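To keep things clear, I will list the structure first and then write my remarks on it.
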Amino acid sequence: MMLGDVVGNPGLQALEMLLPELIREEAADFVVVNGENAAEGFGLSAASLGRIFAAGADVVTSGNHVWEKRDFWPVLEQESRLLRPENYPAGTPGKGWVRLEKAGVPWVVINLQGRELMTPLDCPFRTFDRIPASDQEIILVDFHAESTKEKEALAYYVDGRATLVAGTHTHVQTADERVLPQGTGYITDLGMTGVLESIIGMDTGICLDRARNQVLYRMVCAQGNGVLQGILAVIDEHTRKTLELRRIHTRMAPEEALD
Numbered sequence: 149m150m151l152g153d154v155v156g157n158p159g160l161q162a163l164e165m166l167l168p169e170l171i172r173e174e175a176a177d178f179v180v181v182n183g184e185n186a187a188e189g190f191g192l193s194a195a196s197l198g199r200i201f202a203a204g205a206d207v208v209t210s211g212n213h214v215w216e217k218r219d220f221w222p223v224l225e226q227e228s229r230l231l232r233p234e235n236y237p238a239g240t241p242g243k244g245w246v247r248l249e250k251a252g253v254p255w256v257v258i259n260l261q262g263r264e265l266m267t268p269l270d271c272p273f274r275t276f277d278r279i280p281a282s283d284q285e286i287i288l289v290d291f292h293a294e295s296t297k298e299k300e301a302l303a304y305y306v307d308g309r310a311t312l313v314a315g316t317h318t319h320v321q322t323a324d325e326r327v328l329p330q331g332t333g334y335i336t337d338l339g340m341t342g343v344l345e346s347i348i349g350m351d352t353g354i355c356l357d358r359a360r361n362q363v364l365y366r367m368v369c370a371q372g373n374g375v376l377q378g379i380l381a382v383i384d385e386h387t388r389k390t391l392e393l394r395r396i397h398t399r400m401a402p403e404e405a406l407d
């Protein structure tokens, strides 16, 4: 299971309320959560990271906003299950992929960032090639990118080598989940874990003012009941290929909302 960007406290609340039950209902073996916007909508904090792990995440991925809170950077070096995109230059704090075993099954999680309409980093395609993963492992890729074309291109590039490629960053869940010809599962964007009645999880009024006036007012998270979005993959335990995909879109009930 892979879940889209957690946005602020409403996203954390939704994750805490919904994820444990979802894991039980679906008998999910492994959970990856993108947490780069968990701390008040921008970046991560030690507290928000702890809440994501406590809710059931096995690995937390991120993206370009992971650098928002400089005092958090040391955590990138200390926590092995927290990733930043691998294709940042050498010397950048943290790492972009991890190999671990759970219940006897080998998993590799890779975090990459796109370059189209974003910061021109190292090539995500060649970066994937350098990671020493094998077809004996289940390989999950969080591709944090703006361009749908670039996301699809990477998915076809690694088709048959990765088990699942899931896009993040836009916070809008796409309806194009599918299994590619060589057995790699794909979705352009997982969506987000946050308030759906918003603009990408942020307060609608402030976002409208920014758009109309072209003034960079400080954005704040929208308030309300959260939704949890992502993808559930059924994976062949022998071939490590994806057999089927199902989008996740689970909303908190009104009475579950927290202050």
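What the sequence shown shows, in our numbering, is residues 149 to 407, in sequence order. The beta carbon of each residue, even a glycine, is placed where N, CA and C say it ideally should be. In this text the structure is predicted, and so the values were computed from the model without any measurement.
Item to check | Inter-stretch contact at 8 angstroms, needing at least 3 Cβ pairs: the region 374-390 / the region 328-335 | outcome: Taking one beta carbon from each stretch, the region 374-390 and the region 328-335 have 3 or more pairs nearer than 8 angstroms; the two touch.
Next on the checklist: In the DSSP assignment, the beta strand (DSSP E) including Gln-261 goes from what residue to what residue?
Outcome noted: By one-based count along the sequence shown, residue 261 stands at place 113. Run containing Gln-261: 253-261, per the beta strand (DSSP E) assignment.
Checklist entry - If you draw a straight line from the C-alpha of Ala-301 to the C-alpha of Pro-329, how long is it? => result Reading the sequence shown from its first residue, position 153 is the one you call residue 301. Reading the sequence shown from its first residue, position 181 is the one you call residue 329. Rounded to whole angstroms, Ala-301 to Pro-329 spans 14 angstroms at the Cα level.
Checklist entry - Are Ile-286 and Ile-258 closer than 8 angstroms when you measure CB to CB? => result Looking up residue 286 in the sequence shown gives position 138. Looking up residue 258 in the sequence shown gives position 110. Not in contact: Ile-286 and Ile-258 (Cβ atoms no closer than 8 angstroms).
Checklist entry - Pick from Thr-316, Val-246, Ala-203, Ile-347: whose alpha carbon is nearest that of Phe-291? => result Within the sequence shown, numbered from 1, the residue matching residue 291 stands at position 143. The residue with the shortest Cα to Cα distance from Phe-291 is Thr-316.
Next on the checklist: Could you pull the DSSP bridge partners for His-317 from this structure?
Outcome noted: The count along the sequence shown starts at 1 and reaches residue 317 at position 169. His-317 is not bridged to any residue.
Item to check | C-alpha gap between Asp-407 and His-213, whole angstroms | outcome: Residue mapping note: residue 407 aligns to position 259 of the sequence shown, counting from 1. Residue mapping note: residue 213 aligns to position 65 of the sequence shown, counting from 1. Confidence at Asp-407 is low in this model, with a pLDDT of 48, below 50, so the placement of that residue should be treated as unreliable; the coordinate-derived value is given next. Distance between Asp-407 and His-213, taken at the CA atoms: about 25 angstroms.
Checklist entry - Taking the DSSP output, what are the residues bridged to Val-327? => result Here the question's residue 327 lines up with position 179 in the sequence shown. In DSSP, Val-327 forms a bridge with Gly-333.
Next on the checklist: Considering just the uninterrupted stretch of the beta strand (DSSP E) at Trp-245, what are its terminal residues?
Outcome noted: One-based indexing of the sequence shown puts residue 245 at position 97. Boundaries of the beta strand (DSSP E) around Trp-245: 245-250.
Next on the checklist: By the DSSP assignment, the alpha helix (DSSP H) with Asn-157 in it spans what residues?
Outcome noted: Position 9 of the sequence shown holds residue 157. For Asn-157, the enclosing alpha helix (DSSP H) starts and ends at 156-174.
Checklist entry - Looking at the structure shown, is Cys-271 part of a helix, part of a strand, or coil, going by DSSP? => result Here residue 271 refers to the residue found at position 123 of the sequence shown. Coil at Cys-271, not helix or strand.
Checklist entry - Whole-angstrom Cβ separation of Pro-241 and Trp-221, contact assumed at under 8 angstroms? => result For the purposes of this step, residue 241 is identified with residue 93 of the sequence shown, where counting begins at 1. For the purposes of this step, residue 221 is identified with residue 73 of the sequence shown, where counting begins at 1. In this structure Pro-241 is in contact with Trp-221, their Cβ atoms being roughly 5 angstroms apart against a cut-off of 8 angstroms.
Checklist entry - Would DSSP call Leu-338 helix, strand or coil? => result For the purposes of this step, residue 338 is taken as residue 190 along the sequence shown, with counting starting at 1. DSSP places Leu-338 in coil when its eight states are reduced to three.
Item to check | Option in Gln-284, Leu-224, Pro-280, Arg-263 with minimal Cα separation from Gly-252 | outcome: Translated into the one-based positions of the sequence shown, residue 252 becomes position 104. With distances taken between Cα atoms, Gly-252 lies closest to Gln-284.
Checklist entry - Using the rule of at least 16 other Cβ atoms within 10 Å of the residue's Cβ for burial, across every protein chain shown, is Ser-210 buried or exposed? => result The count along the sequence shown starts at 1 and reaches residue 210 at position 62. That one is buried.
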